[in-house]
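Trainee: For reference, the structure I am asking about is given below.
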Amino acid sequence: NLELGRKIFQSERALCSECHSVDGSSKSVGPDLFAAGDKFSRADLIKSIIDPSSSIMTGYDTTVIETKDQKTFTGILKATNEKEITLSNLGNKITTILKSNIKKQYTNPVSLMPAGLHAKLELQEFTDLIAYLESLKQPQSEGLNRNGTPEKIEALSKQIKLLPFFGKNIDLEKPVWFGQHPVIDDTFVIVEKSRASISLLKKNKDGIEKKIPFVAIPDEVYVTNDEGLLGFAFHPDFSENRKYYLMYETKKENYRGMAISERIASEDFLKDSGKPTRKILEFEVATQFHHGGGIEFGPDGYLYIGMGDGGPQEDPLGHAQDLESFSGKILRIDINKKEDGKFYSIPKENPFNNHPNKKVLREIYVYGLRQPWRFSFDSANGDLWVGDVGQNRFEEVSIVRAGENHGWNVYEGFELFSTQYRKENSTFIPPIISFRRSHGVSITGGYVIRSKTKEKSSFEGVYICADYQSKKIWGLTQNNRKLRTIRQIGQCPDRIVAFGRDRSHNLYAIGYDKGTIYKLDFSEASFK
Numbered sequence: 256n257l258e259l260g261r262k263i264f265q266s267e268r269a270l271c272s273e274c275h276s277v278d279g280s281s282k283s284v285g286p287d288l289f290a291a292g293d294k295f296s297r298a299d300l301i302k303s304i305i306d307p308s309s310s311i312m313t314g315y316d317t318t319v320i321e322t323k324d325q326k327t328f329t330g331i332l333k334a335t336n337e338k339e340i341t342l343s344n345l346g347n348k349i350t351t352i353l354k355s356n357i358k359k360q361y362t363n364p365v366s367l368m369p370a371g372l373h374a375k376l377e378l379q380e381f382t383d384l385i386a387y388l389e390s391l392k393q394p395q396s397e398g399l400n401r402n403g404t405p406e407k408i409e410a411l412s413k414q415i416k417l418l419p420f421f422g423k424n425i426d427l428e429k430p431v432w433f434g435q436h437p438v439i440d441d442t443f444v445i446v447e448k449s450r451a452s453i454s455l456l457k458k459n460k461d462g463i464e465k466k467i468p469f470v471a472i473p474d475e476v477y478v479t480n481d482e483g484l485l486g487f488a489f490h491p492d493f494s495e496n497r498k499y500y501l502m503y504e505t506k507k508e509n510y511r512g513m514a515i516s517e518r519i520a521s522e523d524f525l526k527d528s529g530k531p532t533r534k535i536l537e538f539e540v541a542t543q544f545h546h547g548g549g550i551e552f553g554p555d556g557y558l559y560i561g562m563g564d565g566g567p568q569e570d571p572l573g574h575a576q577d578l579e580s581f582s583g584k585i586l587r588i589d590i591n592k593k594e595d596g597k598f599y600s601i602p603k604e605n606p607f608n609n610h611p612n613k614k615v616l617r618e619i620y621v622y623g624l625r626q627p628w629r630f631s632f633d634s635a636n637g638d639l640w641v642g643d644v645g646q647n648r649f650e651e652v653s654i655v656r657a658g659e660n661h662g663w664n665v666y667e668g669f670e671l672f673s674t675q676y677r678k679e680n681s682t683f684i685p686p687i688i689s690f691r692r693s694h695g696v697s698i699t700g701g702y703v704i705r706s707k708t709k710e711k712s713s714f715e716g717v718y719i720c721a722d723y724q725s726k727k728i729w730g731l732t733q734n735n736r737k738l739r740t741i742r743q744i745g746q747c748p749d750r751i752v753a754f755g756r757d758r759s760h761n762l763y764a765i766g767y768d769k770g771t772i773y774k775l776d777f778s779e780a781s782f783k
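Under my numbering, the letters of the sequence shown match residues 256 to 783, in that order.
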């Protein structure tokens, strides 16, 4: 009974409405349950009530602060700035703590949501509550954005195949990057987030897999559920200078940072040289999530760095719209030159080099992003494709260009999100597509298919991406950054955290939970 379920949700006995809103306003301390029926399965909803600490949603971890005057505060991190931190607790009780008074700050793995709430309900009441949550669906889109926000996405009659490529008889823990070694044939590279390690992967003639340690830097990387070693890139001239680059979180006492570092491989390219890490760029971040989504070298030879808005949820301080902050941006730097005491220089072509405000960061290439999780360049024309993870309503895929503002947190998808940081005469560039919650909740950016052979398949020029949670794989085409065709082309057995590509431009999906690398087989599918 949905109506009885709604009343239970709002009752003082169940306490659900004390911490959760359902209208997309995110005004409560807990996750907004807008479109919960699209986002979560019945099993997920049941588990989240019975065992709330088993899977805490990103951004809603319990923060614990111990102060110098012997007080302890707990709550969800709602805002932070140079002077103070704001926590929200049950019943939306707000507490503000001066940073100068903080002795220790850490994350508690226990959810603020009390365990055992289901025990207060009869079985039928619990059933009605779950049914009500399942009934919360995202309303249909209205207006001009409908073409870019499809209600339905047709699936190909013949789906692509995902063939296990690595992970059958080797242990891969939370892999986040995979690609082919640029120098050594038949050798691949894997990055494991929580182990803060890089390894080489090989197969013998019988298909037996071998994992060879390359480097591990756990003492340099701060690891939590959302933090760790996130990004990796070989220098374009790796075969000559042996340089490669890493993106990871750091933490020292109450300082939480994001680092882009350079290391050097050994002369035989089989392992790290053992020389010290050189930090190219490091800066403070506000929370433990939305720090970044990868690093890539562009066709211009510059290093591009994807940075999330840094949190908290909804970007309350407007980091993504702030040109004096690295957060919510894609940065572009030249690591082959040094200037102004830095280990890099600013490319002359960067869009904000001549900005009249001297506090504007010249490293910024694009802004107005929430969490650009994986981006890549089209090898045919240099277009920069970005998958940007949304807040409550939409996931986005965009082609971004120098100096552009892609909207967050003024817009989410094609829809207005907030006017708090909207400035007069601002131009916002919409995405190619925004995925509704019925399709997915966490976009994983991929690659445009470009064959290196004369034979071209029906997938030539199709951009491949996926949703981390639903495991769906999509292919889409565009014209002048407007959606032409979108199809579901496959379904992965595991959650896809990233895609990889080899020297022949074959694509691979990186399975995060099972630690399996899948090769995408397009041979029996046709994109139409």
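Positions of the beta carbon are idealized from the N, C-alpha and C atoms, including for glycine. Fair warning: this is a prediction, and the values are worked out from it, not measured in the lab.
When DSSP labels each residue in this structure, what does T771 get in the three-state scheme?
Mentor: Walking along the sequence shown from the start, residue 771 turns up at place 516. Three-state DSSP puts T771 in coil, outside helix and strand.
Trainee: Can you list, in chain order, the residues of its chain whose CB lies under 8 Å from that of H574, leaving out five sequence neighbours each side?
Mentor: Residue numbering aside, residue 574 sits at position 319 when the sequence shown is read from its first letter. So the list reads A541, D564, G565, S580, S582, G583, once near-sequence residues are dropped.
Trainee: Reducing DSSP to helix, strand and coil, say where T532 ends up.
Mentor: Here residue 532 refers to the residue found at position 277 of the sequence shown. Three-state DSSP puts T532 in coil, outside helix and strand.
Trainee: From the DSSP output, in three-state form, read off N480 for me.
Mentor: Locating residue 480 in the sequence shown gives position 225, counting from the first residue. In the structure shown, N480 sits in coil (DSSP, three-state: anything other than H, G, I, E or B).
Trainee: Kindly indicate which three-state DSSP category L399 falls into: helix, strand or coil?
Mentor: The sequence position of residue 399 within the sequence shown is 144, counting from 1. Any reading at L399 must be qualified, since the residue scores a pLDDT of 47, below 50, and its modelled position is unreliable; the value itself is stated next. Reduced to three states, the DSSP call for L399 is helix.
Trainee: What are the start and end residues of each continuous beta strand (DSSP E) run of 3 or more residues lying completely inside the segment 279 to 366, in chain order?
Mentor: Listed in chain order, the complete beta strand (DSSP E) runs (minimum 3 residues) inside the segment 279 to 366 are 317 to 322, 327 to 335, 339 to 344, 348 to 353, 357 to 363.
Trainee: Note the first and the last residue of the continuous alpha helix (DSSP H) segment covering R262.
Mentor: Taking the first residue of the sequence shown as 1, we reach residue 262 at position 7. Inspection of the sequence shows that residue 262 is occupied by Lys rather than by Arg. It spans 257 to 265 - the alpha helix (DSSP H) in which K262 sits, taken as one unbroken run.
Trainee: By Cβ distance below 8 Å, which residues in the same chain neighbour F632 in space, the five residues on each side in sequence not counted?
Mentor: For the purposes of this step, residue 632 is identified with residue 377 of the sequence shown, where counting begins at 1. So the list reads E551, G553, P554, D638, L639, W640, once near-sequence residues are dropped.
Trainee: Taking buried to mean at least 16 other C-beta atoms within 10 Å of its own C-beta, is G642 buried or exposed?
Mentor: Numbered from its first residue, the sequence shown carries residue 642 at position 387. Burial call: buried.
Trainee: Kindly indicate which three-state DSSP category K709 falls into: helix, strand or coil?
Mentor: As a working mapping, residue 709 is identified with position 454 in the sequence shown. Of the three classes helix, strand and coil, the one that applies to K709 here is coil, per DSSP.
Trainee: So, helix, strand or coil for A780, using DSSP?
Mentor: Position 525 of the sequence shown, counted from the start, is the residue given in the question as residue 780. A780 falls in the coil class under three-state DSSP.
Trainee: Please check the pair Y499 and A514, which I expect to be a contact at CB under 8 Å, by giving their CB distance rounded to whole angstroms.
Mentor: Counting from 1 along the sequence shown, the entry for residue 499 is found at position 244. Counting from 1 along the sequence shown, the entry for residue 514 is found at position 259. At roughly 14 Å, the Cβ-Cβ gap does not stay under 8 Å, so Y499 and A514 are not in contact.
Trainee: In this structure, how does DSSP classify C747 when only helix, strand and coil are distinguished?
Mentor: Looking up residue 747 in the sequence shown gives position 492. If DSSP states are grouped into helix, strand and coil, C747 belongs with coil.
Trainee: Check whether the segment 479 to 489 and the segment 433 to 452 touch, using three or more Cβ-Cβ pairs below 8 Å as the test.
Mentor: Judged by Cβ distances under 8 Å, the segment 479 to 489 makes contact with the segment 433 to 452, as three or more pairs qualify.
Trainee: Which complete beta strand (DSSP E) runs does the segment 569 to 595 hold, if anything under 3 residues is left out?
Mentor: Segments of the beta strand (DSSP E) lying fully in the segment 569 to 595: 584 to 588.
Trainee: Considering S272, what are the terminal residues of the alpha helix (DSSP H) in which it resides?
Mentor: Residue numbering aside, residue 272 sits at position 17 when the sequence shown is read from its first letter. Segment 271 to 274, the alpha helix (DSSP H) holding S272.
Trainee: Indicate the three-state DSSP secondary structure (helix, strand or coil) for F493 in the structure shown.
Mentor: The count along the sequence shown starts at 1 and reaches residue 493 at position 238. Helix.
Trainee: Any idea if L572 is buried or exposed, counting beta-carbon neighbours within 10 angstroms, 16 or more meaning buried?
Mentor: Reading the sequence shown from its first residue, position 317 is the one you call residue 572. So L572 ends up on the buried side.
Trainee: Helix, strand or coil: which one does DSSP assign to G766?
Mentor: Mapped onto the sequence shown, residue 766 falls at position 511. Reduced to three states, the DSSP call for G766 is strand.
Trainee: Rounded to whole angstroms, what's the CA-CA distance from W628 to S697? Just pull it up for me.
Mentor: To locate residue 628, count along the sequence shown from 1; it is residue 373. To locate residue 697, count along the sequence shown from 1; it is residue 442. Distance between the alpha carbons of W628 and S697: 9 Å.
Trainee: Looking at the secondary structure, which residues open and close the alpha helix (DSSP H) in which L378 lies?
Mentor: One-based indexing of the sequence shown puts residue 378 at position 123. Looking at the DSSP string, the run of the alpha helix (DSSP H) that includes L378 is 378 to 389.
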